[in-house]
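Okay, structure first, notes after.
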Amino acid sequence: MEVERIGLPTASLVCAGFVRQGNLTAQGLGMGSLPMAVYPGHIDLDSIEEIQRNIESVIVEQVVRCLTVKPPEAGLPVTREPEPEDIVARGTFEEVNRTFYASEWGDGLPVVPPTVGKVEEFLRFTERPAHEVIGVLLPDEREATPWNIAANGVMAGCRPEYMPVLVALVEAMADPAFGHPSLGHTPGAEVQITLNGPIIKELGFNYEQGALRVGYEANTSIGRFWRLYLRNVAGFLPHKTDKATFGGTWRVVAAENEDALAGIGWEPMSVDQGFKAGDNVVTISTCTASWLETAGASTAERILDRIATRIVDIQLCMFGLNLRGQSVRPQIMLSPCLAGAIAKGGYSKARAKEYLHKQARFPAKRCEDWDGRDLCSFADQGFLPGEFCQSTDPERLVPIVFTPQDFMITVTGDPGRDNCLILCQNGFIGYPVSRKIELPAAWEQLKSDCFAPRRVSE
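Heads up: the sequence shown begins at 30 in my numbering, then just goes up one per residue.
Now the structure itself:
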């Protein structure tokens, strides 16, 4: 697109199923008439002969036209964007919700109407100016601000005191390292939010049994906020810019059980991410798939072996991304008793990660047969560590991640069960990002005001 903007003709190659997404994404970036050459059907399902035939009979002519014929100036019809403080709907609760639904400003469930009064109540919990630009989000190239964060927080059913968490989430979303512009991809990854710090107990997050089940106000509404914000501000909409093949719903916030961590001598995940113990921190990571494993065993090594085997099974689907030099970051959620058994066996968290790195391996041929590419050639080009080509034996074992630090370990869930949950992460999109949650100077007073009981007459 940058080449097109400076006046040089281009041709963007897309498969037929991506034309609408391509047009809308280009429009969001200010170029609704981006020239495209459209490949019929899905290229991955065609033979080499069919691909060659389609290139010769379909693609070449379109590419020539893109490069020689100036595209029309007008792109897709553009609707007027409401100003930040515009009143966009009036009426009853049901009428407002029907208006929002028709405008694609919701997730299919009723939303809390974001009145000016409710938005302003949220803004009391941040010291940022209401219209400060925190970042610009794609594909719609829309500014993220405390005002629209508060509006979407209201809609999601959040409480005003959750605002510092919401702001930190959007800061993380806007970080280029996270790669939010790719969240409309076909695997349809959702995002797992993980929380650390005293704020877990202060705001009443569930960090024990049913830690990822809806029903706890903070965990549930903040998880819902994430998806609403991606829709309403970033602009990811199904059948348009969100191309998830199947998709899924938003994920409940996972809060770490820091009491359990202290009991076994492990640091919180936020410390692994570079923060101090005791900091309030939020971490976001893509989750393309997940697997629950009952991993209880009589020794720490047997527990870790079971986890390592399952990591390979679930994460191998994304291993091809490593061939582009991008390691994945699997997140392993351990129940407190499982983490305790590992620690009792003499394992610090760092040592447990080292063990997993040695054991979570698979024969090179499993990747080469599936992907059709030689791991040694990628190692020779510097895309993979030398460990991936210590020999040319197709049965040699190679690691599922580059380094032990690529594993993310979280302790949460039922303290009395020996389960773990493995989340498959998509490194090609981007990497997990963490942000410290900044509390306003008057946090304690504001918080006590919110939780103070009120008479009905008030």
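For glycine and all other residues, C-beta sits at the position ideal for the given N, C-alpha and C.
From a predicted model like this one, the values you see are computed outputs, not experimental measurements.
Span separating the alpha-carbon of residue i from that of residue j
| i | j | result |
| --- | --- | --- |
| K387 | C479 | 50 Å |
| E9 | C396 | Within the shown structure, residues of the chain are numbered from 30 to 487, placing residue 9 beyond reach of any answer. |
| A471 | G244 | 29 Å |
| S319 | T278 | 13 Å |
| R358 | T39 | 36 Å |
| M362 | S314 | 13 Å |
| R109 | V117 | 12 Å |
| P267 | T421 | 44 Å |
| E85 | V196 | 51 Å |
| G411 | F154 | 47 Å |
| P142 | S132 | 14 Å |
| T328 | S364 | 16 Å |
| C233 | L426 | Reading off the sequence shown, one finds Gly at residue 233, where the question assumed Cys. Taking the straight line joining both Cα atoms gives about 45 Å. |
| A218 | N455 | 8 Å |
| F417 | A408 | 7 Å |
| G239 | A247 | 14 Å |
| Q91 | L63 | 13 Å |
| G459 | G120 | 42 Å |
| S477 | G252 | 24 Å |
| G307 | V194 | 15 Å |
| T215 | F47 | 10 Å |
| S356 | A180 | 36 Å |
| P392 | I336 | 17 Å |
| V462 | V87 | 42 Å |
| E330 | G374 | 8 Å |
| P299 | Y376 | It should be noted that the sequence gives Ser, not Pro, for residue 299. Spanning the two alpha carbons is a distance of roughly 19 Å. |
| S41 | L413 | 29 Å |
| E114 | F207 | 29 Å |
| P297 | E190 | 23 Å |
| Y236 | V310 | 15 Å |
| A66 | N83 | 11 Å |
Residue i burial status per 10 Å Cβ neighbour count (16 or more: buried)
| i | result |
| --- | --- |
| V220 | buried |
| G182 | buried |
| F275 | exposed |
| K394 | exposed |
| G36 | exposed |
| L321 | exposed |
| P495 | No information on residue 495 is available, as it lies outside the stretch 30 to 487 that the chain covers here. |
| D271 | buried |
| R34 | exposed |
| G303 | exposed |
| G264 | buried |
| L96 | exposed |
| P158 | exposed |
| D398 | exposed |
| K382 | buried |
| R188 | buried |
| T249 | buried |
| F151 | buried |
| A45 | exposed |
| Q419 | exposed |
Endpoints, beta strand (DSSP E) assigned at residue i
| i | result |
| --- | --- |
| K465 | 462-465 |
| R171 | 171-173 |
| T312 | 310-316 |
| M298 | Segment 298-301 is the alpha helix (DSSP H) holding M298; no beta strand (DSSP E) there. |
| A66 | 65-68 |
| V125 | No beta strand (DSSP E) contains V125, which is instead part of the alpha helix (DSSP H) from 122-131. |
| L385 | Unbroken run through L385 is the alpha helix (DSSP H), 378-388; no beta strand (DSSP E). |
| L42 | 41-44 |
Endpoints, the alpha helix (DSSP H) within which residue i is located
| i | result |
| --- | --- |
| G164 | Element bounds for G164: not the alpha helix (DSSP H) but the beta strand (DSSP E), 164-166. |
| L367 | 365-373 |
| L333 | 329-344 |
| L53 | 48-57 |
| V145 | 145-152 |
| V32 | 31-34 |
| E287 | 287-293 |
Between the region 423-439 and the region 199-212, do at least 3 Cβ pairs fall closer than 8 Å? no
Which complete alpha helix (DSSP H) runs does the region 191-269 hold, if anything under 4 residues is left out? 192-203, 228-231, 246-258
Please determine if the region 151-171 and the region 55-62 are in contact, where contact requires at least 3 C-beta pairs separated by less than 8 Å. Touching, yes.
Taking contact to mean 3 or more Cβ pairs, one atom from each stretch, closer than 8 Å, check whether the region 218-233 and the region 128-145 are in contact. no
Give a yes or no on contact between the region 59-76 and the region 285-299, applying the rule of three or more CB pairs nearer than 8 Å. no
For the region 393-460, which segments carrying the beta strand (DSSP E) assignment without a break, of at least 3 residues, lie completely within its bounds, in sequence order? If only complete runs of 3 or more residues are kept, the region 393-460 shows the beta strand (DSSP E) at 426-428, 437-440, 448-453, in order along the chain.
Meets three-Cβ-pair contact criterion under 8 Å: the region 419-432 and the region 445-452: no
What ranges does the alpha helix (DSSP H) occupy inside the region 84-117, keeping only unbroken runs of at least 4 residues that lie completely in it? 89-97
If contact is defined by three or more beta carbon pairs under 8 Å, each pair taking one atom from either stretch, is the region 291-307 in contact with the region 248-265? no
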